[in-house]
Each structure stands twice: as structure tokens, then as C-alpha cells.
Amino acid sequence: MKVLVTGATGFIGSHLVEALVQRGAQVRCLVRNKRRLGWVKDSPVEFVVGNCQERTSLKQSVKDVDQVLHLAGATTAVKEKTYFEVNALGTENLIQACIENNPRLKKFIYLSSQAAAGPCRNGGKKKESDPCHPVSPYGKSKLLGEQLALSHSHELPLLILRPCAVYGPRDKGFYALFKCLSKSINPCLCDHDNHISMCYVQDIVRAILLASETQTENGEIFFLSDGQDYRMEEIGDIFAQAMEISARQLRLPKQVLFGMAFFAECFSRVSGKPSIMSRGKVEEMIRKNWLCDITKAKALLGFEPLISLVRGAELAVAWYKKENWL
Ligand SMILES: NC(=O)c1ccc[n+]([C@@H]2O[C@H](COP(=O)([O-])OP(=O)(O)OC[C@H]3O[C@@H](n4cnc5c(N)ncnc54)[C@H](OP(=O)(O)O)[C@@H]3O)[C@@H](O)[C@H]2O)c1
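All residue numbers for the sequence shown refer to our numbering, where the first residue is 197 and numbers rise by one.
Structure, rendered in C-alpha cells:
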């Protein structure tokens with residue numbers, strides 16, 4: 197089995213590459229720069245240079261592979277249009293490259309996001325059949341990526357996965373929360389009872405592998421999470437427990453968060469470096485219900501999450517400490 201992984205140098209992609217290598221798959225990684233291979237630099241894989249924003253650069257990478265696991269994406273960006281150029285048009289470019297250069301492709305998996313579906317407007321958990329209402333530029337770009345991909349589902353075997361918030365070793369998103377906690381601060385929103393889904397990175401990797409092995413209808417979409425319902429403050433408490441520290445809750449009004457995000461965006465534009473804080477991110481944070489239903493993934497992919505938030509937090513903390521991030 198020969199597999200192309202895009203986004204291989206990233207958080208989830210690097211864990212996926214390791215799992216694929218362990219299973220004996222022949223792995224090819226699409227990378228933007230061979231001098232920036234990050235966590236996968238010593239992996240026994242083939243590296244092909246390409247950029248999802250340039251269709252012609254993708255031709256070599258898609259040739260002769262059985263499957264494409266498309267994880268490349270802009271999760272943070274200096275300019276809003278980058279989300280659309282990478283997540284939406286980049287996905288379209290990769291699919292076109294597959295159609296033109298690999299007519300025998302057996303599967304194309306697009307790692308979308310729960311952000312594409314948007315928050316759950318009612319109580320309960322969002323299902324794949326519910327309408328999508330993304331609230332951030334990131335979420336809107338991931339949804340457009342899904343729609344563009346689906347418009348080609350008659351031309352290639354497509355499957356879409358929508359992970360919730362993912363955490364674990366190498367993650368820089370929740371790392372910001374771990375850093376606050378290390379200063380004994382557990383930041384939370386004022387007057388909010390926010391519920392979110394979470395998933396440990398190795399469970400997401402197992403779900404991607406299951407999806408790659410399982411026969412499904414073309415164009416199926418699956419939410420992925422550990423199946424639990426967490427309150428935002430509870431996550432900080434569980435992470436603090438894993439760090440064996442106590443942290444005081446700091447309740448922030450949403451106006452303060454928007455102000456912080458505005459300054460982070462200004463700094464980001466000056467420095468040219470994307471920030472994890474943005475007004476789009478705050479738009480997501482202030483929504484009350486980010487729960488998704490994984491019944492379909494359990495039934496059709498046989499997905500069973502194995503790592504609880506308590507255990508996952510312990511594993512993440514152990515890794516951050518080993519790498520001197522904490
Ligand atoms: N982390 C989460 O909580 C989460 C949740 C739901 C969905 N997702 C989705 O899962 C995927 C992976 O997320 P992640 O957290 O692992 O992200 P990440 O750590 O930010 O990694 C992003 C990857 O995409 C690559 N990339 C970015 N722009 C590219 C382009 N124009 N052409 C080719 N490659 C490009 C990056 O390569 P460079 O090394 O060259 O920058 C990197 O390997 C993304 O599509 C994201 O939307 C993530």
C-alpha cells in the first residue's frame with residue numbers, strides 16, 4: 197500500500213506518518229520545504245516537494261499512490277484569505293492533480309474539521325446530517341474545502357473526516373492553555389457554560405487509519421471525538437491535575453478576548469507570523485455548544501476512542517516536560 201500524506205510535518209500528520217510506517221505502509225510525504233521536515237525528518241519515507249496552492253507542483257506527489265490522506269491545512273494565518281487559498285482551493289488543487297495524474301486512486305481522505313460544521317445551535321450533539329453554520333474564516337474555508345471536494349466525488353473515491361479539537365504531544369494550540377496553567381491561571385469565559393468535544397491525537401490517527409481501510413459510500417462525512425461532553429473550565433482543571441498543580445480560574449469577558457485577539461492580529465501582521473489568537477478563534481470560543489456525535493463513525497468505521505481526557509492530558513504533559521516545553 198502506497199500512501200501520500202499531506203500536512204505530514206504538522207501536529208496530526210507527523211503522528212499519522214509514524215503510525216503508517218509502523219504498519220509497513222510505503223509513505224510519501226508532500227512537504228513545502230525539505231529543510232523543514234520537523235518531526236518526520238528521520239522517518240523512513242519519501243519526501244516530495246509541493247505546495248497545495250500551486251497545482252502544477254502536486255503532479256509528482258500524487259502519481260502511483262493508492263491513497264491520499266490530505267491533512268495539509270492553514271490552521272492559523274496572518275491574512276484571512278490564506279485560509280481559503282490553502283484549505284479550500286488547496287484541496288481543489290490536490291483533487292484535480294489526482295484526477296489528472298492518478299486515475300486508479302483507491303481513496304482520498306480530506307481531514308476537514310468540526311469548525312466546518314459550526315457549533316450546535318440546539319442542545320445535544322451535532323450530527324453529520326445537520327446544516328453547517330461555520331462561525332470563523334477557518335471554519336468557512338474548511339467547509340468550502342468540503343464542498344469543492346464533494347463536487348468531485350463522482351470522479352474519485354472521497355471520504356471526509358471532521359475531527360473536533362485535538363490535543364496531545366506536539367500540539368501548539370492547547371499548549372497555550374498548558375502554559376497559562378503553568379502560571380497558575382486557568383482562563384475561562386465569563387457567563388458562559390461552554391461544552392466542547394475533545395480528542396487525543398492517537399485516537400484521531402486510529403480513526404484516519406480505520407477510514408482508510410473501510411469501504412464506505414463515496415462522499416461520506418464523519419465527526420470524530422472521544423465521545424464525551426466537557427465544560428471548558430473542566431478541561432483546564434483536568435490539564436492542571438495532569439500537571440500536578442492548582443490553577444485559579446480567570447474569567448474573561450468576551451470583549452476582553454476580542455480586544456486581545458485584535459492586538460494579536462496587529463502583531464501578527466507586523467511580524468508576518470500567524471498567531472493562535474484571532475477574532476475568528478474568539479468567535480468559535482464564545483459559542484456555547486461544540487459537541488459532535490460520533491455514532492456514525494462508530495457504526496460505519498468501527499471507531500472506538502481509547503484515550504480519556506485524563507489519560508491524554510497526562511501523556512501530553514509528560515511529552516511537553518520531556519521536550520522542555522513546560
Ligand atoms: N489540530 C486540531 O485540533 C484540528 C482539529 C480539526 C481538524 N484539523 C485539521 O487537521 C489538519 C492537520 O492539523 P494540524 O493541527 O496537524 O495542523 P498543523 O500542525 O498546523 O500542520 C499543518 C500542516 O499543513 C501543511 N501545510 C500548510 N499549508 C500548506 C500548503 N499550502 N501546501 C502544503 N502543505 C501545507 C504544513 O506544512 P509546513 O510544515 O510546510 O508548514 C503542516 O504540515 C488540518 O487540515 C486541520 O484543519 C485539526
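The C-beta atom is built at its ideal place from N, Cα and C for all residues, glycine as well.
Predicted, not measured: the structure shown is a model, and the values here were computed from it.
Legend entry - Candidates Gln249, Ser308 and Ser309, of which the one nearest Ala168 by Cα: Only positions 197 to 522 of the chain appear in the structure, and residue 168 is not among them; the question remains open.
Legend entry - For Lys255 and Arg402, the rounded distance between their alpha carbons: By one-based count along the sequence shown, residue 402 stands at place 206. By one-based count along the sequence shown, residue 255 stands at place 59. About 28 Å.
Legend entry - Cα-Cα separation between Val282 and Lys303, rounded to whole angstroms: Reading the sequence shown from its first residue, position 86 is the one you call residue 282. Reading the sequence shown from its first residue, position 107 is the one you call residue 303. Each residue's alpha carbon lies about 21 Å from the other.
Legend entry - Same chain, Cβ closer than 6 Å to Leu346, neighbours up to 5 away in sequence not counted: To locate residue 346, count along the sequence shown from 1; it is residue 150. Same-chain partners within the cutoff: Gly415.
Legend entry - Helix, strand or coil at Gln249 according to DSSP, with G and I counted as helix: Locating residue 249 in the sequence shown gives position 53, where the first residue counts as 1. Three-state DSSP puts Gln249 in coil, outside helix and strand.
Inset, instruction - Please go through the same chain and pick out, in chain order, the residues whose beta-carbon is closer than 8 Å to the beta-carbon of Val506, but skip the five residues on each side of it. - result: Counting from one through the sequence shown, the residue named residue 506 turns up at place 310. Cβ within range, chain order: Ile434, Gln437 and Ala438.
Inset, instruction - Locate the alpha helix (DSSP H) running through Val213, then write down its first and last residues. - result: In the sequence shown, counting from the first residue as 1, residue 213 sits at position 17. Note, Val213: alpha helix (DSSP H), Phe207 to Gln218.
Inset, instruction - Can you check DSSP and say which residues form a bridge with Pro383? - result: For the purposes of this step, residue 383 is taken as the residue at position 187 of the sequence shown. Its beta-bridge partners are Leu446.
Inset, instruction - Find out if the Cβ-Cβ distance for the pair Ile381, Leu340 is shorter than 8 Å. - result: Sequence index remark: in the sequence shown, residue 381 carries index 185 (1-based). Sequence index remark: in the sequence shown, residue 340 carries index 144 (1-based). Cβ atoms of Ile381 and Leu340: not closer than 8 Å.
Inset, instruction - Return yes when the C-beta of Ile431 is under 7 Å from any heavy atom of ligand 1, and no when it is not. - result: Looking up residue 431 in the sequence shown gives position 235. Incorrect: Ile431 has no Cβ contact closer than 7 Å to ligand 1.
Legend entry - Whole-number beta carbon distance between Cys360 and Leu420, since they are thought to touch under 8 Å: The residue given as residue 420 occupies position 224 in the sequence shown. The residue given as residue 360 occupies position 164 in the sequence shown. 7 Å between Cβ atoms; contact.
Legend entry - Contact check, Ile356 vs Tyr306, beta carbons under 8 Å: Position 160 of the sequence shown, counted from the start, is the residue given in the question as residue 356. Position 110 of the sequence shown, counted from the start, is the residue given in the question as residue 306. Yes, they are a contact pair.
Legend entry - Arg447 Cβ short of 7 Å to ligand 1 heavy atom set: Locating residue 447 in the sequence shown gives position 251, counting from the first residue. It does not: the Cβ of Arg447 is nowhere closer than 7 Å to a heavy atom of ligand 1.
Inset, instruction - Could you tell me which residues DSSP puts in a beta bridge with Met394? - result: What you label residue 394 is simply residue 198 of the sequence shown in a count that begins at 1. Answer by DSSP bridge pairing, in chain order: Ala361.
Legend entry - Strand pairing of Lys303, partner residues [DSSP]: The residue given as residue 303 occupies position 107 in the sequence shown. Gln263, per the DSSP bridge assignment.
Legend entry - Residues of its chain near Leu373, where Cβ-Cβ distance is below 7 Å and the 5 sequence neighbours each way are ignored: Taking the first residue of the sequence shown as 1, we reach residue 373 at position 177. Excluding residues within five positions, the ones whose Cβ falls inside 7 Å are Gly432 and Phe435.
Inset, instruction - Taking the CB atoms as reference points, tell me whether Val173 and Leu233 lie closer together than 8 Å. - result: Only positions 197 to 522 of the chain appear in the structure, and residue 173 is not among them; the question remains open.
Inset, instruction - Consult DSSP for Cys316 and reduce its assignment to one of helix, strand or coil. - result: Here residue 316 refers to the residue found at position 120 of the sequence shown. Coil at Cys316, not helix or strand.
Inset, instruction - Tell me whether the beta-carbon of Thr271 lies closer than 8 Å to the beta-carbon of Trp235. - result: To locate residue 271, count along the sequence shown from 1; it is residue 75. To locate residue 235, count along the sequence shown from 1; it is residue 39. Going by C-beta atoms, Thr271 is not nearer than 8 Å to Trp235.
Legend entry - Buried versus exposed call for Gln263 [16 or more other C-beta atoms within 10 Å across all chains shown]: For this step, residue 263 is matched to residue 67 along the sequence shown. It counts as buried.
Legend entry - Whole-angstrom C-beta distance between Leu344 and Glu288, which should lie under 8 Å: Locating residue 288 in the sequence shown gives position 92, counting from the first residue. Locating residue 344 in the sequence shown gives position 148, counting from the first residue. Indeed, because the Cβ distance is near 4 Å, the residues count as touching under 8 Å.
Inset, instruction - Please work out which residues of its chain come closer than 7 Å, Cβ to Cβ, to Arg427, disregarding the five sequence neighbours upstream and downstream, and give them in chain order. - result: As a working note, residue 427 is residue 231 in the sequence shown. Counting only Cβ-Cβ distances below 7 Å, and skipping sequence neighbours, we find Asp389, Asn390 and His391.
Legend entry - DSSP three-state assignment for Lys494, whether helix, strand or coil: Walking along the sequence shown from the start, residue 494 turns up at place 298. Here Lys494 sits in helix by DSSP.
Inset, instruction - State the Cα-Cα distance for the pair Val397 and Pro299, rounded to the nearest angstrom. - result: One-based indexing of the sequence shown puts residue 397 at position 201. One-based indexing of the sequence shown puts residue 299 at position 103. If I take the Cα positions, the gap works out to 32 Å.
Inset, instruction - For Gly209, count neighbouring C-beta atoms within 10 Å of its own C-beta (all shown protein chains included) and say buried if the count is 16 or more, exposed if not. - result: Locating residue 209 in the sequence shown gives position 13, where the first residue counts as 1. By the 10 Å Cβ count, Gly209 comes out buried.
Legend entry - Proximal residues to Leu511 (C-beta, below 8 Å), its chain only, five neighbours per side dropped: Sequence index remark: in the sequence shown, residue 511 carries index 315 (1-based). Taken in chain order, the residues that qualify are Gly364, Pro365, Tyr396 and Ile503.
Legend entry - Cβ-Cβ distance between Leu226 and Ile404 below 8 Å: For the purposes of this step, residue 226 is taken as residue 30 along the sequence shown, with counting starting at 1. For the purposes of this step, residue 404 is taken as residue 208 along the sequence shown, with counting starting at 1. Cβ distance not < 8 Å, so Leu226 and Ile404 don't count as in contact.
Legend entry - Between the CA atoms of Cys376 and Lys230 - distance to the nearest angstrom: Sequence index remark: in the sequence shown, residue 230 carries index 34 (1-based). Sequence index remark: in the sequence shown, residue 376 carries index 180 (1-based). For Lys230 and Cys376, the distance between alpha carbons rounds to 33 Å.
Legend entry - Cβ pair count under 8 Å reaching 3, the segment 486–497 against the segment 470–477: no
Inset, instruction - May I ask you to list the residues that DSSP assigns as paired with Arg228? - result: Stepping through the sequence shown from its first residue, residue 228 is reached at position 32. Paired residues: none, contrary to the question.
Legend entry - Length of the line joining the Cα atoms of Leu496 and Glu413: Residue numbering aside, residue 496 sits at position 300 when the sequence shown is read from its first letter. Residue numbering aside, residue 413 sits at position 217 when the sequence shown is read from its first letter. Each residue's Cα considered, the two are about 10 Å apart.
Legend entry - Residue burial classification, Val245 (beta-carbon count within 10 angstroms, cutoff 16): Taking the first residue of the sequence shown as 1, we reach residue 245 at position 49. Classification for Val245: exposed.
Legend entry - Run of the beta strand (DSSP E) containing Phe435, from where it starts to where it stops: For this step, residue 435 is matched to residue 239 along the sequence shown. Run containing Phe435: none in the beta strand (DSSP E); it sits in the alpha helix (DSSP H), Met428 to Ala438.
Legend entry - Strand pairing of Thr271, partner residues [DSSP]: As a working mapping, residue 271 is identified with position 75 in the sequence shown. BP columns for Thr271 are empty, so no partner.
Inset, instruction - Could you spell out where the alpha helix (DSSP H) holding Thr278 opens and where it closes? - result: Within the sequence shown, residue 278 is the residue found at index 82, counting from 1. It spans Glu276 to Tyr279 - the alpha helix (DSSP H) in which Thr278 sits, taken as one unbroken run.
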